[in-house]
Amino acid sequence: MSPIREPAEDTVQENETVELPMRLLAEAGLAPGSTVLAFSDGDGRIVLRRLEDSVEDLLGGLGL
Numbered sequence: 850m851s852p853i854r855e856p857a858e859d860t861v862q863e864n865e866t867v868e869l870p871m872r873l874l875a876e877a878g879l880a881p882g883s884t885v886l887a888f889s890d891g892d893g894r895i896v897l898r899r900l901e902d903s904v905e906d907l908l909g910g911l912g913l
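Quick note: the sequence shown uses this note's numbering, first residue 850, plus one each step.
Written out as structure tokens, the structure is:
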């Protein structure tokens with residue numbers, strides 16, 4: 850498991866969006882234009898995965 854890095858606090862906007870800091874996205878290997886899958890992991894947690902990683906996991910039989 851990766852070490853926990855400095856968290857970024859944000860607010861869910863009235864238009865139901867959340868803006869994530871670029872440093873956080875860069876740490877996750879995401880860049881502007883990256884396609885991600887988003888899903889709830891329950892109890893206040895939302896997971897973003899790079900689309901290509903999710904597809905590779907599915908093709909490898911690992912599931913999401």
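We put the CB at the ideal spot given by N, CA and C, even for glycine.
Q: Check the C-beta distance from residue 870 over to residue 857 and give it rounded, since I have them as a contact under 8 angstroms.
A: About 5 angstroms separates the beta carbon of residue 870 from that of residue 857, a gap short enough to meet the 8 angstroms contact definition.
Q.
Could you check whether residue 868 and residue 859 sit closer than 8 angstroms to each other, using their CB atoms as the reference points?
A. Annotated as proximal: residue 859 and residue 868, with beta-carbon spacing under 8 angstroms.
Q.
If you follow the alpha helix (DSSP H) that residue 875 is in, where does it begin and where does it stop?
A. Note, residue 875: alpha helix (DSSP H), 871–876.
Q: Answer yes or no: do residue 854 and residue 878 have a C-beta to C-beta separation smaller than 8 angstroms?
A: Not a contact, by the Cβ cut-off of 8 angstroms.
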